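Residue numbers (this note's numbering), protein chains in the order written: chain D, 1 to 177; chain L, 178 to 354. Glycine included, each C-beta is placed from N, C-alpha and C at the ideal position. Note that this is a predicted model, so its numbers are computed, not measured.
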């Protein structure tokens, strides 16, 4: 397994979500959606870890959608409507993070205890990245306001942010592994 | 058509690159890489065309959520078929996780265009995706050559920052032009 593969997977999976975050409040909501999706996908894929079928990844992503939709409707009814199509974007994030990556590595890891540990590390990485992004966006609100009007620049700035945050997160997560 | 596809550069950059394209270490053969990217580009057009063909038929998709699930499954399947036909199917599911093809039909449906307009948009998006992925390949190759003694994770961080800066530059260029 490559070095810090779960952090790598979290970064790749969270990128589409990071551009939809507009502050700390929306990052908390997105983290909730992510936690739901990753948990559902992992629980579904763990018993199937030795099944050699790629359709299981699609099935895992499809299973996440109703849960995300329910969470989205609940949050909207409570007045916390935020982000761009979070119910879809989170499914797309959970597919590479929990599905392809964690789901594939569970075959190699084997034992339930180790799989659970890596599930928590993956979840922690993804949620931390989203919350840090939300904090950064809230902290630089005036600047991101300018970026929003140049909507094409905003994702690039978020990508630079991800590249700068990742080494710091790696140092912290290395102590937990 | 092509301009609209390129103006969606950031959408494609974040959503369009398959999980395996982004995460596999950059020692991959160029031919294999570009075959995967070509398959993903074709699936953007194929998925959008299939979604357009289904609208107005008895099998019309129920809302955005039905369209999302259909697009996800159809893009995955079309990728697998094209890769098998090209002889590049190495059994890795990540090559077929094409998030642009999963979200493109939803985004195109929201543009209020005719069927012909949507297909033109899809062709532009596919061309933009192929261009972005090609640029990405050469950037990754360059970074890999410059950082030969470092691990995969630092290389990923450098790639993210480089691509983010490139994304901002492109966006400013198109905004000014």
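is_contact[residue 10 of chain D, chain L] using C-beta, thresh 8 Å: Not an interface residue.
Proximity to residue 372 of chain L [Cα-Cα], best of L:224, L:260, L:308 and L:280: Nothing about residue 372 of chain L can be read from this structure; chain L reaches only from 178 to 354.
Distance, residue 293 of chain L Cα to residue 7 of chain D Cα: Taking the straight line joining both Cα atoms gives about 42 Å.
Chain D contact for residue 253 of chain L (CB, 8 Å cutoff): For residue 253 of chain L, the nearest beta carbon of chain D is closer than 8 Å to its own beta carbon.
Inter-stretch contact (C-beta, 8 Å, three-pair minimum) for the segment 155-166 of chain D and the segment 6-23 of chain D: At 8 Å Cβ cutoff, the stretches touch.
Beta carbon of residue 71 of chain D nearer than 8 Å to that of residue 36 of chain D: Yes, the pair counts as a contact, with Cβ atoms nearer than the cut-off.
Buried or exposed by the 16-neighbour rule on C-beta atoms within 10 Å, applied to residue 336 of chain L: Burial call: buried.
Any chain D beta carbon closer than 8 Å to residue 338 of chain L: By this cut-off, residue 338 of chain L is an interface position.
Between the CA atoms of residue 177 of chain D and residue 283 of chain L - distance to the nearest angstrom: Distance from the CA of residue 283 of chain L to the CA of residue 177 of chain D, rounded to the nearest whole angstrom, comes to 40 Å.
Secondary structure of residue 139 of chain D, DSSP reduced to three states: Here residue 139 of chain D sits in helix by DSSP.
Length of the line joining the Cα atoms of residue 243 of chain L and residue 226 of chain L: Here the alpha carbon of residue 243 of chain L sits roughly 16 Å from the alpha carbon of residue 226 of chain L.
Contact under 8 Å by Cβ, residue 310 of chain L with residue 214 of chain L: Cβ atoms of residue 310 of chain L and residue 214 of chain L: closer than 8 Å.
DSSP state of residue 183 of chain L mapped onto helix, strand, coil: For residue 183 of chain L, the pLDDT reaches just 47, beneath the cut-off of 50, and the residue's location in the model is therefore unreliable, although a value from the coordinates is still provided. The answer is helix: DSSP assigns residue 183 of chain L an H, G or I state.
The segment 119-132 of chain D in contact with the segment 311-324 of chain L per 3-pair CB rule at 8 Å: In short, these stretches do not touch, since the Cβ pair count stays below three.
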